[in-house]
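For the sequence shown, the UniProt record's numbering assigns the number 1 to the initial residue and increments by one for each residue that follows. The beta-carbon is built from N, C-alpha and C at its ideal position, and this holds for glycine as well. Each remark here refers to the structure printed beneath this line.
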Amino acid sequence: MSNLNIFKIGVGPSSSHTLGPLIAGNLFCKQIDSILQKIERIEITLYGSLSLTGKGHLTDKAVIWGLNNVEPRFLDANLQMEINKKAFDKNILNLCGKREIPFYYQKDIIFSDIFLDLHENGMCIKAFDANNNKLTSQTYYSIGGGFVKTEEELKQDDVEIDSNNTLIISIENATKALYLCDEKQINLAQLSLMYELQFHTEEYIKAYCLEIWQVMQEVYQNGINPAQEYLPGKLQLHRRAKGLHKRVKATTDPMGIIDFISLYAIAIAEENGSGARVVTAPTNGACAVIPAVMLYLKNHTIGFGDDEVINFLLTAMLIGSFYKKNASISGAEAGCQAEIGSASSMAAAAMASVLGAEARVACNAAEMAMEHHLGLTCDPVGGLVQIPCIERNAFGAIKAISAARMAMTRKSIPVVSLDEVIKTMYQTGKDMNAKYRETSLGGLAKTLSSVC
Ligand code: SF4
Numbered sequence: 001m002s003n004l005n006i007f008k009i010g011v012g013p014s015s016s017h018t019l020g021p022l023i024a025g026n027l028f029c030k031q032i033d034s035i036l037q038k039i040e041r042i043e044i045t046l047y048g049s050l051s052l053t054g055k056g057h058l059t060d061k062a063v064i065w066g067l068n069n070v071e072p073r074f075l076d077a078n079l080q081m082e083i084n085k086k087a088f089d090k091n092i093l094n095l096c097g098k099r100e101i102p103f104y105y106q107k108d109i110i111f112s113d114i115f116l117d118l119h120e121n122g123m124c125i126k127a128f129d130a131n132n133n134k135l136t137s138q139t140y141y142s143i144g145g146g147f148v149k150t151e152e153e154l155k156q157d158d159v160e161i162d163s164n165n166t167l168i169i170s171i172e173n174a175t176k177a178l179y180l181c182d183e184k185q186i187n188l189a190q191l192s193l194m195y196e197l198q199f200h201t202e203e204y205i206k207a208y209c210l211e212i213w214q215v216m217q218e219v220y221q222n223g224i225n226p227a228q229e230y231l232p233g234k235l236q237l238h239r240r241a242k243g244l245h246k247r248v249k250a251t252t253d254p255m256g257i258i259d260f261i262s263l264y265a266i267a268i269a270e271e272n273g274s275g276a277r278v279v280t281a282p283t284n285g286a287c288a289v290i291p292a293v294m295l296y297l298k299n300h301t302i303g304f305g306d307d308e309v310i311n312f313l314l315t316a317m318l319i320g321s322f323y324k325k326n327a328s329i330s331g332a333e334a335g336c337q338a339e340i341g342s343a344s345s346m347a348a349a350a351m352a353s354v355l356g357a358e359a360r361v362a363c364n365a366a367e368m369a370m371e372h373h374l375g376l377t378c379d380p381v382g383g384l385v386q387i388p389c390i391e392r393n394a395f396g397a398i399k400a401i402s403a404a405r406m407a408m409t410r411k412s413i414p415v416v417s418l419d420e421v422i423k424t425m426y427q428t429g430k431d432m433n434a435k436y437r438e439t440s441l442g443g444l445a446k447t448l449s450s451v452c
């Protein structure tokens, strides 16, 4: 499977709780296409983490956007408002954009406190006829980063591995990547390109990466020029990026660079927190880490042109694929270490790679960035992707830059490998109390429960 869609254009605030359910709605539209005229009612049940933090993460709205058959990249604020008005105020669902049926929020969306066995983020969509007979249903799992699997697909967990067996180059983990890089005398970006060429043309891959970068920069510009002063939701957080952008100036203090990196990350993460268009990288909660490091390279170093952008994203997506294949990029499954930690690890390797590091050094940068996110819990206050998420992106970016620099200046042989830290992250996530895995039942979400 190609790794390009580790980066995808979507909507905030959450890839697993907003983008995934939206995509599930799109998939259900495909399933019901031939029976659309018979359908008179749709029922959606949200389970586990999707239910517990679903309102703050806009899961309930996202599944309705998806059931209108709107693709994430075309969903702007106006269209969101239009669909919301129809569904939530006028009780009409424009099913698959083709047929209007009655829709009653209180009855047709069920928030269940049950956790399904296969994954923390489960949801089921059912379609009924005029006599309330069930016509069809599907259970979906939003497994992180906007990736969605049906129950059947998730049960055959080895679908991807099977398809990789038919490839000339399959890269399951960092060990294999390093072996191939040594054998072919190439770096991680070159290896990632070789891998992607099995699925797409070089022209397509490069254009895809440049479009992702273009959107990332637009999101930053939107973040420093927001239409609203406050973020949506009960916290009524004041947006900081606009003011910060005016205040941050070049200074003789060498540490002043940190203010710029924080600005880049906060601006993008605030856009995500507002439910605007962002690039999932590899998740929405962590969507600002990678572009903040790229903006740092573009604005504060020399020679970050199109080739470097493409190499950066190719390296980052390869590292991200190791987390996705061998662990998790879902906060509901393994805590924030799986989101901000993975993004930081991807950015560290990518930065090292474009600055000339060979594969072993870049993998060490990725390892260090994750090692120092191990144990990081997910405790979004009020179920919103705002506190601690926005600032956490800034710290993730700063740690990525530190890790890249540390790896590139180190002379000793690293003790911990990237694969070992990925395994440790996943095990730590599994050992983590469920309160700290995107349920808003523990940590800051619990301490601050009175303010929301
Ligand atoms: S705390 Fe981390 S994992 Fe949880 S919602 Fe925020 S960014 Fe995502």
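Starting from residue i, follow the beta strand (DSSP E) in both directions and report where the run begins and ends.
i           : result
residue 326 : Unbroken run through residue 326 is the alpha helix (DSSP H), 306 to 326; no beta strand (DSSP E).
residue 102 : 99 to 102
residue 123 : 122 to 128
residue 136 : 134 to 144
residue 10  : 8 to 11
residue 150 : 147 to 150
residue 116 : That residue, residue 116, is in no beta strand (DSSP E); it is neither H nor E in DSSP.
residue 280 : 277 to 280
residue 45  : 41 to 46
residue 94  : 92 to 95
Taking 8 Å as the cut-off, is the C-beta of residue i nearer than that to any heavy atom in the ligand SF4?
i           : result
residue 283 : yes
residue 438 : yes
residue 339 : yes
residue 130 : no
residue 379 : yes
residue 286 : yes
residue 124 : no
residue 232 : no
residue 335 : yes
residue 274 : no
residue 392 : yes
residue 331 : yes
residue 278 : no
residue 449 : no
At what residues does the alpha helix (DSSP H) containing residue i begin and finish?
i           : result
residue 66  : 59 to 67
residue 393 : 389 to 409
residue 370 : 359 to 371
residue 181 : 174 to 184
residue 204 : 202 to 224
residue 84  : 77 to 84
residue 445 : 444 to 447
Using alpha carbons as the reference points, say which of the options lies closest to residue i.
i           : options               : result
residue 1   : 241, 78 and 147       : 147
residue 72  : 235, 231, 271 and 15  : 15
residue 339 : 352, 380, 308 and 356 : 380
residue 456 : 149, 429 and 235      : Residue coverage of the chain in this structure runs from 1 to 452, which leaves residue 456 outside it and unanswerable.
residue 63  : 81, 123, 7 and 36     : 123
residue 56  : 443, 382 and 170      : 382
Taking 9 Å as the cut-off, decide whether the C-beta atoms of residue i and residue j are in contact.
i           : j           : result
residue 3   : residue 296 : no
residue 268 : residue 208 : no
residue 374 : residue 396 : no
residue 109 : residue 43  : yes
residue 385 : residue 285 : yes
residue 332 : residue 121 : yes
residue 212 : residue 313 : yes
Is there a Cβ of chain C sitting closer than 9 Å to that of residue i, yes or no?
i           : result
residue 429 : The displayed structure is made up of one protein chain only, and chain C is not part of it.
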